[in-house]
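Structure, as C-alpha cells:
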Amino acid sequence: MVSTVSKYIRRSPYQALSAAAIMGLTFFAVSVFAILTIVSIRFISYFESRPQLTVFFKDSASSADIKTLEKQLNDTGKTSSISYVSKEDALKIYKQQNKSDPILLDLVTADILPASIEVQANQAEDLSSLAQIVKGAPNVDQVVFQKDIVDTLVAWTGAARRVGLAVIAILVTVSTLVIITIIGIKITVRRDEIETMRLLGASNWFIRAPFLLEGLVYGLIGSIIGGLFAAGIFYYFSPALESFLRGVPIFPLSPLIVLELILIEMLAACSLGAFASYLAVLRYLK
Amino acid sequence: MINFQDVTKQYGSADPVLNKINFIIDRGSFAYLIGPTGSGKTTIFRLIIKDLLPSDGEITLGELDLSSLPKEKVPTLRRKVGVIFQDLKLLLDRTVVENVMLPLEFSGMGEPEARKKAEELLAEVGLSGKEDQFPAQLSGGERQRVAIARALIFDPDIILADEPTGNLDSKTSFQILDLLKSINKKGTTIFMATHNDKLINPEDRVIVLESGKVVEDRRAKAKPHEHAEKEKAHEKHTPEKKEEKVSETPKARSDTKIKLETLAEK
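If you're matching them up, the sequences are chains A and B in order. The first sequence lines up with residues -19 to 266 when you count with the working numbering. The second sequence lines up with residues 4 to 269 when you count with the working numbering.
Structure, rendered in C-alpha cells:
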C-alpha cells in the first residue's frame, strides 16, 4: 500500500507539490495563530494576575500631597504595597529602557517625566474603590488601571482571533478543494486501471485506500512544513519580541509546547487530507 | 457449473441484449460461445462476474445463485472466476510479473510469495525470462499469455476467455487455444467466446448466439465426465504421466485454490 502511494505521488510530482504547498500554507497560518493565541493568553494572564493601578502626578504636586495620598490608600487596608517613583527614578527607568537609543536619551530630562505611585491592590475587586480615592486627590494627573490594559488587550486579541479564524477557515476550505481536485484528477487518470482492478476482484477498500492515504500524506507533509516554518520564525523573532514586551514573562516558550502544537497540527492535517480525499473518492469513485 | 436460466438483459426500453438465454456449461468442460459482434457474448461474461446484473432470469455458478450474492462478496467471486478480457486489460506501466501478481495484492499475499507464484505461472504459459518486460515490449500472443497467466493466478474453477485469439494470427491463435486446452485438461472449466470458426472442432461444445438469443447449442460428443473417466483410465495405465501432471501444478496454485462452493456457504 505504501509503495503504491509512493508511486502515485512520484508519478505526478507537481500535483503533489501543489497539494503539500497549500496544506503547508494552511498549517503555517494555523501555527502562527496558535502561537499568537498562546502568547496573548500569557500576556493577558500576566496583567490579570496583577491588580495594580498607576497614579501620575502633576508637576505641581508636592511630596506632602503624595504622602497624604499614600496614607489614605494604606488606611483602606486594601493595598499590599505602594511604591513611589520620583521624576529622577522615572528618568533612570527611561534611560535603562532606551539605553540603545542615544537620541531619545538626549531629548528627555527628569523635568518632563511625571512622578508616580504604583499601587498594588490585594484583590482586583479593590481597584475600583482605590481609584475613587485617587481621583478625588489633588494634583493627580492620570490614573492607569491594569484592567484598562487587559480590556484593550482582550479587545485586540479578540479581533485578531476573529480575523485569524476567518483566514484559517478560508485556507482550510481552499486546501480541501485543492486536495479534492488533485485526487479527482488522479482518479480520472487511473480510471482504466481502477476498472481493471475491480474486474479482477479488488475490494472497494483496496482501491480507495491509496487515495485516502495520499491525502493523508499531503496533510502530514504540509503540517510539518507549516509548523516548523512558523516555529522557526517565532524563535527567530523571540529576542526582539522579548525586548519589546519588557519584563512581561511570556518567554521563553518551551520547545515542548511547540512540539506538542506541531503534533496536534499533524493529526488535524492528516485528518483534513484524508477527509478531502474521501470526498474526492466519493465524488469520483462511485 | 454455469447455469443460465431464462436470462434477459435489457437497457431501458431498448431491444434486449440477451433475450431469455438458457444453457448449462458442465464442470470441467471446454465450451465455445460464438456469434457475431454485438450478439451478447461479452454481456454473458460480464453477467457471470456480476459486472452487470440480469434484468430477468437466474444465473448460478455451481451451487452459488448469483442473485443472492451480496455486493461485498462480488470481489471474492471475481477472484474465483479467471477472466481473459477481450482487450486484455493489462496495466501498461507494470511489468509482466507485476500484472500477473496484481490480483494477489488484493488478497493480501506478501510480495515475495506473490512474485514467486506469478513467475511459476509465467513459466507455465511459456513466458520465462519475460517477467520484467512491459506489456508494450511483448508480441500480441505473448500479451495474451500474460492475460492467461493472470487469469490462472487463483487457480480458478472457471476461466472465461473473451475472444482470446481476436487479434492474433492463425498460428498464434492455435497456440493460445492449445494452452487453454491444457489448462482445461487439469479440470478447469473453460468458457471461450470467439468468432473464429476455424478454432472449433466438431466434437466441441458450442453455443451459438445471435441477436441476444441462443440459436444453437451443440453438445460435445464426449461429455465432460466421460472425458474425466477416460483420462482417469488413461492415467491408471500411465503412472509416469500422472506424476508429471502433478508436478505441472505448482504448490502455490493449490494453496490459493478457491472453491465457488465456499462462497455459496458463506
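Built from N, CA and C at the ideal position, the CB exists for glycine as well.
The residue from K266/A, V(-18)/A, L5/A with its alpha-carbon nearest to that of S155/A is L5/A. In the three-state reduction of the DSSP assignment, G132/B falls in the coil class.
Distance check between E219/B and each of D165/B, S16/B, G38/B places G38/B closest, using alpha-carbon atoms only. With a contact defined as Cβ atoms closer than 8 Å, V84/B and P159/B qualify at about 6 Å. Residues of chain B with a Cβ closer than 9 Å to the Cβ of T176/A are, in chain order, F88, K92, L93, L94, L105. Within a 10 Å sphere around the beta-carbon of E240/A sit fewer than 16 other beta-carbons, which makes this residue exposed. Contacts between F26/B and chain A, judged by CB atoms closer than 8 Å, are missing: the closest CB pair is about 23 Å apart. The three-state reading of DSSP puts M112/B in coil, since its state is none of H, G, I, E or B. Taking the Cβ atoms as the reference, V86/B lies roughly 7 Å from L179/A, within the contact range of under 8 Å. The count of Cβ pairs closer than 8 Å, one atom from the stretch 187 to 199 of chain B and one from the stretch 157 to 171 of chain B, reaches three, so the stretches are in contact. T46/B sits buried, since 16 or more C-beta atoms from the chains shown fall within 10 Å of its C-beta.
The C-alpha of S42/B lies about 5 Å from the C-alpha of G215/B. Distance between K12/B and E175/A, taken at the CA atoms: about 21 Å.
Nearest to I203/B by C-alpha distance, out of K23/B, M104/B, V217/B, D181/B, is D181/B. Membership of M195/B in the beta strand (DSSP E) is indicated by the continuous run 192 to 197. Collapsing the DSSP output to three states places N54/A in a helix. The stretch 115 to 131 of chain A and the stretch 223 to 232 of chain A do not touch, with fewer than 3 CB-CB distances between them shorter than 8 Å.
Relative to the Cα of I24/B, the nearest Cα in the group D90/B, D135/B, P57/B belongs to P57/B. Minimum Cα-Cα distance from R(-9)/A among the listed residues R263/A, I163/A, L243/A, G206/A corresponds to I163/A. Pairing Y258/A with T168/A gives a Cβ-Cβ distance that is not under 9 Å. Contacts with chain B (Cβ-Cβ distance below 7 Å) from the stretch 161 to 176 of chain A involve E173, T176, listed in chain order.
Considering only beta carbons, no part of the stretch 146 to 166 of chain B lies closer than 7 Å to chain A.
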